[in-house]
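Step one of this worksheet: look at the structure below.
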Amino acid sequence: MRIRTLTGAVAAVLVLAGPVVGGQAVAVRTADSAAPSGDTRVLTYDTGRAGEFASAVDRGAAVWNDSVDAVELRPAASGEAADIRIVADDGWPRAVPGGLGSGTVYFGREAVADGHSTVRIAAHELGHVLGLPDRKPGPCSELMSGASAGPSCRSARPDAAERAEVEEKFARAPAGLSMGPM
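All letters in the sequence shown, in the order written, are residues 82 to 263 by my numbering.
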């Protein structure tokens with residue numbers, strides 16, 4: 082789904098292959114060789130309090146980055162205020178959205194102790210911050226079915242409908258603004 086990655090590689094080949102002006106190769110800058118386009122909303126997340134789940138959160142964010150174009154999740158730089166805070170605790174995983182693209186994810190150890198996939202938990206809870214509701218009960222193929230799919234479910238990828246819903250929500254949201262509490 083990530084067209085930017087593919088087109089960035091194509092752009093690099095084109096830069097190396099041509100054009101030539103006055104005997105020198107001229108670099109051609111494309112939108113894909115720079116930062117994400119204006120249509121991509123960059124959201125930052127902070128795993129400073131995620132404990133042993135920081136790696137799972139990074140992998141869950143990567144799932145969303147590979148699945149949608151409207152949003153890119155990046156770790157917050159040191160000292161930067163993050164859009165999304167991740168906090169490990171002993172309860173059940175949950176998200177408290179502060180608006181579209183912001184909020185706190187509580188990465189509860191209880192679900193991990195029950196055998197649920199840490200990457201699926203991370204992707205699911207980030208899905209709430211991206212505007213998706215729980216859809217329970219549901220099959221393993223639906224990320225937002227969450228724990229109702231059972232602890233044997235390892236699928237951390239949003240299905241086509243979930244991807245389309247995130248794309249549509251962020252396409253409608255004004256740049257730089259959240260849509261308010263969900």
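Where is the CB? At the ideal position from N, CA and C, for every residue including glycine.
Nothing here was measured: the structure is a model prediction, and the numbers come from that model.
On the CB-based measure, 16 or more other CB atoms within 10 Å of its CB, does residue i come out buried or exposed?
| i | result |
| --- | --- |
| Asp127 | buried |
| Val210 | buried |
| Pro178 | buried |
| Glu191 | exposed |
| Val123 | exposed |
| Asp195 | exposed |
| Glu246 | buried |
| Ala169 | buried |
| Ala242 | exposed |
| Gly132 | exposed |
| Ala252 | exposed |
| Asp171 | exposed |
| Asp212 | One point to set straight first is that residue 212 is Gly, not Asp, in the sequence displayed. Counting Cβ neighbours within 10 Å, Gly212 comes out buried, since at least 16 surround it. |
| Ala176 | buried |
| Ala164 | Note that residue 164 corresponds to Asp in the displayed sequence, not to Ala. That one is buried. |
Quickly, what does DSSP pair residue i with across the bridge? List them, please.
| i | result |
| --- | --- |
| Leu124 | Leu154 |
| Gly180 | Ser183 |
| Arg166 | Asp127, Thr185 |
| Arg201 | Partner(s): none; Arg201 has no beta bridge. |
| Arg175 | Tyr187 |
Cα-Cα, which of the options is closest to residue i?
| i | options | result |
| --- | --- | --- |
| Gly184 | Ala162, Val193, Gly132, Ala230 | Ala162 |
| Arg235 | Val123, Ala131, Gly129, Ala137 | Ala137 |
| Glu248 | Asp150, Ala142, Phe134, Gly132 | Asp150 |
| Pro174 | Gly189, Gly160, Asp240, Arg140 | Gly189 |
| His197 | Leu224, Leu213, Gly180, Gly182 | Leu224 |
| Arg140 | Ala203, Arg130, Glu153 | Ala203 |
| Asp240 | Ser148, Gly180, Asp215, Ala176 | Ser148 |
| Arg244 | Pro255, Ala157, His205, Pro232 | His205 |
| Ala143 | Leu181, Gly208, Gly160 | Gly208 |
| Lys250 | Ser233, Arg155, Gly160, Pro214 | Pro214 |
Is the Cβ of residue i closer than 9 Å to any Cβ of chain D?
| i | result |
| --- | --- |
| Asp195 | Looking for chain D here will not work: only one protein chain is present. |
Which same chain residues, not among the five before or five after residue i, have their C-beta less than 8 Å away from its C-beta?
| i | result |
| --- | --- |
| Pro267 | Residue 267 lies beyond the residue range present for the chain, which begins at 82 and ends at 263; the question has no answer from this structure. |
| Ala254 | Arg122, Leu181, Gly182, Met260 |
Tell me which residues share the same chain as residue i and place their Cβ nearer than 6 Å to its Cβ, disregarding the 5 neighbours each side in the sequence.
| i | result |
| --- | --- |
| Cys166 | Looking at the sequence itself, residue 166 is Arg, so the reference to Cys does not match. Asp127, Thr185. |
| Ala135 | Thr128 |
| Val200 | Ala137, Arg140, Gly141, Ala237 |
| Asp120 | none |
Between which residues of its own chain and residue i is the CB-CB distance below 7 Å, once the five residues before and five after are set aside?
| i | result |
| --- | --- |
| Lys217 | Ser226, Gly227, Ser229 |
Hey, is residue i close to the ligand GTP, as in C-beta under 8 Å from one of its heavy atoms?
| i | result |
| --- | --- |
| Thr185 | For the ligand GTP, the structure offers nothing, since it holds no ligand at all. |
### Query
If you scan the segment 205–251 from start to end, which runs of the alpha helix (DSSP H) of 4 or more residues do you find wholly inside it?
none
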